[in-house]
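Student: Every letter in the sequence shown is one number past the one before it in the working numbering, and letter 114, counting from 1, is 114.
One structure, pasted below without further comment.
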Amino acid sequence: MNMPDPQAFANAWMAQISDPNQWQSWFKMMPEMDAVPSAALLRDAGATVRPEAMEQLRNEYMGEFGALWQEFLTTGKAPSLKDRRFSSEAWQGNPVSAFNAASYLLNSKFLMQMAEAVDASPHQKQKIRFAVQQVVDAMSPANFLATNPEAHQKLIETKGESLTKGLANLLGDIQKGHISLSDEKAFEVGRNLATTEGQVVYENELFQLIQYTPLTKTVHERPLLMVPPCINKYYILDLQPENSLVRYAVEQGNTVFLVSWRNPDQSLAGTTWDDYIEKGAITAISIAREITKQDKLNVLGFCVGGTLLSTALAVLAARGEQPAAGITLLTTFLDFSDTGVLDVFVDEPQVQLREQTLKSGGLMPGRDLASTFSSLRPNDLVWNYVQSNYLKGNEPPPFDLLYWNSDSTNLPGPMFCWYLRNTYLENSLKVPGKLTVAGEKVDLSKIQAPAFIYASREDHIVPWNAAYQSTKLLNNKNPELNKFVLGASGHIAGVINPASKKKRSYWTNDARPAAHDEWFSGAAEHPGSWWGEWSEFLAAHGGKDVKARSKLGNAKYEPIEAAPGRYVKAKAD
């Protein structure tokens, strides 16, 4: 089943301005099933809608549409619109535009109800819902100049200048190959992003290891090694001083090392998952221990970085090594039983297709990965900017997080295919001894270290109930060693929630019930950021306080260049 891609929709929008009334023809006089665009999705998936269910939907639609039309004809008033896309006075105050939006919302409701009514397996049904939602979002009247009253208003107010600017923005983004989510001229890595002072003290073909300059007179004797996701650039953890998790950790008296993954090019097209474990995470652990002369260290993994880190620790455990004094996992999958909406992208046919093209070598392009994640929130990450940048001629405001979001990274094909099949598709990482990585059987239960496991409540990439399952895989014979913390907001905003801002909230519960909902029902909510809880965890497992070292690296690993280093600045093709 081919999944609609919001970036592809947007690219098509860029290439040719679609008929703004096309969506209306789908529903004129309630056409037969085969004439509805989503019917192709159903046929492709081998799914059908029972005739009696379709007839009921048809009757409900005709009744609601008839009532909407009758009210519009008799009163002339604008229909009530609760969708935030149509909340402005330009929509609410114009009866024709409001009716147009209300009709669209009714049509959308019908399509989604039809997706819910299909006879299909749960996985296929989820794919159908997702695909129909992509079509529905793409065809909003807010996305077209002819049917967007806010764009009309801006066109009149600026005497046509907004249209000129919009076309210029459109042409500029066509050249860049992506929609601008932020003012990209406002940021530069190393100038006003990733500015925490430090030095690159080691590099190989996969990563650079950064050691940061101490900001306190004394530090915990055990260092902290941070392993970010290789699917994104590390500086999400070090955006600007006021929202940098890296800087916060340094300020709290930690000697911080960080893995800066290389943005793969063709020279790394044959790199495997084993390489990322052995030459990546395990090598970084070894060097951080060697430089600080500590047998144990605190380690942190974020998202895919947490999966890599945990696998590396299990490999080391199989070799008789236990280098972690404390483990922090941020929004990380170890048990892939519930992968949320990402499940629509992973099934045997799709994984086989990737394996046919990439398993023996090649690159998974960063733009494809970015498109996948944009499809999870198309109204926020695609169509919102089509409307603002192109239809209204606005320049996107500077926003560090969205600048980072557009700074894509490639992945080596063999590594990516191994990851897809063995985690997302077959969920083998959680099964003791099922996987062999770097020559060792992987058993997460063999890792012996206290764990701080963080999840975000509104996370659409790593659902928090899935992150909670890590409490059953780590320290399963000593569950009291696990601390689970739930933060508000989503995958990124929940993590990057500076303590100084005193925003949002988080939940804790010292009990460890088997079910995540039982945990939450007994949890206490705390205002502000979870960062303070994490700092206490690091201090508890950081050893005694010692004088901070003024020299970074050592005689063997001398500084190569100043942070943030070269690797993070490389752009994906």
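We put the beta carbon where it would ideally sit given N, CA and C, even for glycine.
Do G76 and P95 have their C-beta atoms within less than 8 Å of each other?
Tutor: Yes, they are a contact pair.
Student: Mapping the DSSP letters down to three states, classify F110 as helix, strand or coil.
Tutor: Here F110 sits in helix by DSSP.
Student: Three or more C-beta pairs under 8 Å: does that hold for the region 268–283 against the region 406–423?
Tutor: At 8 Å Cβ cutoff, the stretches touch.
Student: Could you pull the start and end residues of the beta strand (DSSP E) that N94 belongs to?
Tutor: Here N94 belongs to no beta strand (DSSP E), and DSSP marks it neither H nor E.
Student: Sort S88, T147, N254 and A288 by Cα distance to Y202 and report the nearest one.
Tutor: For the residues S88, T147, N254 and A288, the minimum Cα distance to Y202 belongs to A288.
Student: Taking all protein chains shown into account, do 16 or more other C-beta atoms lie within 10 angstroms of the C-beta of K556, making it buried, or fewer, making it exposed?
Tutor: Exposed, since its Cβ has fewer than 16 Cβ neighbours within 10 Å.
Student: As a quick exercise: from S162, I496, T48 and N100, pick the residue whose alpha carbon is nearest that of L68.
Tutor: L68 has its Cα closest to that of N100, out of S162, I496, T48 and N100.
Student: Run through DSSP, which three-state label would W418 get?
Tutor: Residue state, collapsed to three classes: helix.
Student: Quick test of the definition: if touching needs 3 or more C-beta pairs under 8 Å, does the region 477–492 touch the region 452–462?
Tutor: With the cut-off at 8 Å, the region 477–492 and the region 452–462 touch.
Student: Could you compute how far the alpha carbon of Q70 sits from the alpha carbon of L401?
Tutor: Approximately 46 Å, taken between the alpha carbons.
Student: Quick check on V577: does DSSP put it in helix, strand or coil?
Tutor: Since the displayed the chain opens at 1 and closes at 573, residue 577 lies outside it and no answer follows.
Student: In the DSSP assignment, the alpha helix (DSSP H) including P149 goes from what residue to what residue?
Tutor: P149 -> alpha helix (DSSP H) spans P149 to E157.
Student: Classify L460 as helix, strand or coil using the three-state DSSP reduction.
Tutor: Looking at the sequence provided, one finds His at residue 460 rather than Leu. Coil at H460, not helix or strand.
Student: With a threshold of 7 Å on Cβ separation, who are the neighbours of N21 within its own chain once the five nearest residues in sequence on each side are excluded?
Tutor: Reliability fails at N21, whose pLDDT of 45 lies under 50, so the model's placement of it is uncertain and no value is given.
Student: What whole-angstrom Cβ distance do L481 and P450 have, given they're in contact under 8 Å?
Tutor: So it is a contact: roughly 4 Å between Cβ atoms.
Student: For M33 and P51, what's the separation of their Cα atoms in angstroms?
Tutor: Bear in mind that the predicted position of M33 carries a pLDDT of just 39, short of 50, making it unreliable; the figure below should be weighed with that in mind. The straight-line gap from Cα to Cα measures roughly 10 Å.
Student: Short of 7 Å in beta carbon distance, which residues of its chain neighbour N467, apart from the five on each side in sequence? Order them along the chain.
Tutor: According to the sequence as given, residue 467 is Ala; it is not Asn. Correct list, in chain order: T331, T332, I453 and A455.
Student: How would you write the range of the beta strand (DSSP E) that F207 sits in, first residue to last?
Tutor: Looking at the DSSP string, the run of the beta strand (DSSP E) that includes F207 is F207 to Y212.
Student: Taking C-beta to C-beta, are A131 and K392 nearer than 8 Å?
Tutor: No, these two residues do not count as a Cβ contact at 8 Å.
Student: Where does F302 fall in DSSP's three states?
Tutor: F302: strand per DSSP, three-state reduction.
Student: Could you name the residues of the same chain whose beta carbon sits closer than 7 Å to that of Y419, not counting the 5 residues immediately before and after it, in chain order?
Tutor: W273, listed in sequence order.
Student: Excluding five sequence neighbours on each side, which residues of the same chain lie with their C-beta closer than 6 Å to the C-beta of N509?
Tutor: Excluding positions up to five away in sequence, the list reads W519, G522 and A523.
Student: Please state whether the Cβ-Cβ distance between C303 and V135 is less than 8 Å.
Tutor: Not a contact, by the Cβ cut-off of 8 Å.
Student: Would the beta-carbon of V259 fall within 8 Å of that of A249?
Tutor: Cβ atoms of V259 and A249: not closer than 8 Å.
Student: Using the Cβ count rule (16 or more neighbours within 10 Å means buried), how would you classify L308?
Tutor: It is buried - the Cβ of L308 has at least 16 other Cβ atoms within 10 Å.
Student: From this set, F484, A318, K477 and H460, which residue's C-alpha is nearest Q469's C-alpha?
Tutor: Comparing Cα-Cα distances from Q469 to each of F484, A318, K477 and H460, the minimum goes to F484.
Student: Okay, do the region 184–199 and the region 232–242 touch, 3+ Cβ pairs below 8 Å being the bar?
Tutor: Touching, yes.
Student: Going by beta carbon distance, what residues of the same chain come within less than 6 Å of Q322, once the five residues before and after it are set aside?
Tutor: Closer than 6 Å at Cβ, skipping near neighbours: Q448.
Student: Terminal residues of the continuous alpha helix (DSSP H) containing K125?
Tutor: K125 -> alpha helix (DSSP H) spans P122 to A138.
Student: Among L106, S337 and W464, which has the Cα closest to the Cα of D83?
Tutor: Closest by alpha carbon: L106.
Student: State the DSSP-derived secondary structure class of S363, mapped to helix, strand or coil.
Tutor: A small correction: the amino acid at residue 363 is Leu; Ser does not occupy that position in the sequence shown. It is a strand residue.
Student: Determine, for R85, whether the minimum Cβ-Cβ distance to residues of chain D falls below 8 Å.
Tutor: The chain labelled as chain D is not found in the depicted structure, where only one protein chain is given.
Student: Taking the beta carbon of A146 as the centre, do at least 16 other beta carbons fall within 10 Å, making it buried, or is it exposed?
Tutor: A146 should be labelled exposed.
Student: Helix, strand or coil for Y567, going by three-state DSSP, please let me know.
Tutor: Residue state, collapsed to three classes: helix.
Student: Select from G543, Q92, A98 and A142 the residue whose C-alpha is nearest the C-alpha of N384.
Tutor: Of G543, Q92, A98 and A142, the residue nearest in Cα terms is A142.
Student: Leaving aside the five residues before and after L215 along the sequence, list all residues of the same chain whose C-beta is less than 6 Å from its C-beta, in chain order.
Tutor: Taken in chain order, the residues that qualify are V250 and E251.
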